[in-house]
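A short write-up of the structure that comes next.
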Amino acid sequence: MNEQNFLLYAQQILDYGIIGTLALMSVVTFWLFIERMMFYRTVKIEDYKHRDELDIELTNNIGVLSAIGTNAPYVGLLGTVLGIMITFYTLGSVGQVDAKEIMMGLALALKATAMGLVVAMPAIVFYTIALRKVEKILAKFDIFNSEVH
Numbered sequence: 129m130n131e132q133n134f135l136l137y138a139q140q141i142l143d144y145g146i147i148g149t150l151a152l153m154s155v156v157t158f159w160l161f162i163e164r165m166m167f168y169r170t171v172k173i174e175d176y177k178h179r180d181e182l183d184i185e186l187t188n189n190i191g192v193l194s195a196i197g198t199n200a201p202y203v204g205l206l207g208t209v210l211g212i213m214i215t216f217y218t219l220g221s222v223g224q225v226d227a228k229e230i231m232m233g234l235a236l237a238l239k240a241t242a243m244g245l246v247v248a249m250p251a252i253v254f255y256t257i258a259l260r261k262v263e264k265i266l267a268k269f270d271i272f273n274s275e276v277h
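Numbering-wise, the sequence shown is residues 129 to 277 according to this note's numbering.
See below:
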């Protein structure tokens with residue numbers, strides 16, 4: 129594999145690997161949030177005898193939202209670092225410095241960081257909303273059980 133093919137391959141890994149991973153994380157985030165909100169609408173607290181049983185059902189998969197929200201920026205940062213490395217390697221192999229190429233390479237590398245943030249922010253918001261819904265349903269469960277007994 130010659131040097132030009134290697135650089136092209138590295139750029140494709142960056143574009144399809146990192147950006148693809150972030151896109152998958154985004155899809156999973158939206159899917160889990162919608163699934164949880166639909167589940168919360170159908171919860172009948174009277175069907176649960178123990179608070180812990182309800183808590184387990186309510187918090188199922190919301191940890192994934194938190195994990196995506198906290199790790200998406202790191203995936204984006206990894207893409208940025210790889211993009212900057214590719215840019216500098218390309219410039220070093222050419223042997224001449226062109227400010228336009230440096231700026232374009234850095235701008236393209238930074239798209240991974242931007243994508244990581246775009247994925248992380250909604251994931252953290254969705255996690256916070258889901259967590260608040262869990263707290264409200266558990267509070268209703270406690271009120272319901274204190275009235276019954």
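Beta carbons are placed, not taken as given, at the ideal position from N, Cα and C, and that holds for glycine. Please read all numbers here as calculations on a predicted model, not as lab measurements.
CB residue i to CB residue j, shorter than 8 Å?
{"i": "residue 258", "j": "residue 193", "result": "yes"}
{"i": "residue 197", "j": "residue 242", "result": "no"}
{"i": "residue 214", "j": "residue 150", "result": "no"}
What do you get for residue i, buried or exposed, if any count of 16 or more other CB atoms within 10 angstroms of its CB means buried?
{"i": "residue 203", "result": "buried"}
{"i": "residue 271", "result": "exposed"}
{"i": "residue 136", "result": "exposed"}
{"i": "residue 155", "result": "exposed"}
{"i": "residue 251", "result": "buried"}
Express the C-alpha separation of residue j and residue i in angstroms, rounding to a whole number.
{"i": "residue 226", "j": "residue 233", "result": "11 Å"}
{"i": "residue 164", "j": "residue 190", "result": "8 Å"}
{"i": "residue 147", "j": "residue 274", "result": "50 Å"}
{"i": "residue 166", "j": "residue 175", "result": "17 Å"}
{"i": "residue 209", "j": "residue 216", "result": "11 Å"}
Comparing alpha-carbon positions, which option in the options lies nearest residue i?
{"i": "residue 237", "options": "221, 244, 211, 206", "result": "211"}
{"i": "residue 240", "options": "159, 154, 184, 201", "result": "201"}
{"i": "residue 187", "options": "265, 275, 274, 245", "result": "265"}
{"i": "residue 161", "options": "261, 254, 268", "result": "254"}
{"i": "residue 133", "options": "221, 181, 170", "result": "221"}
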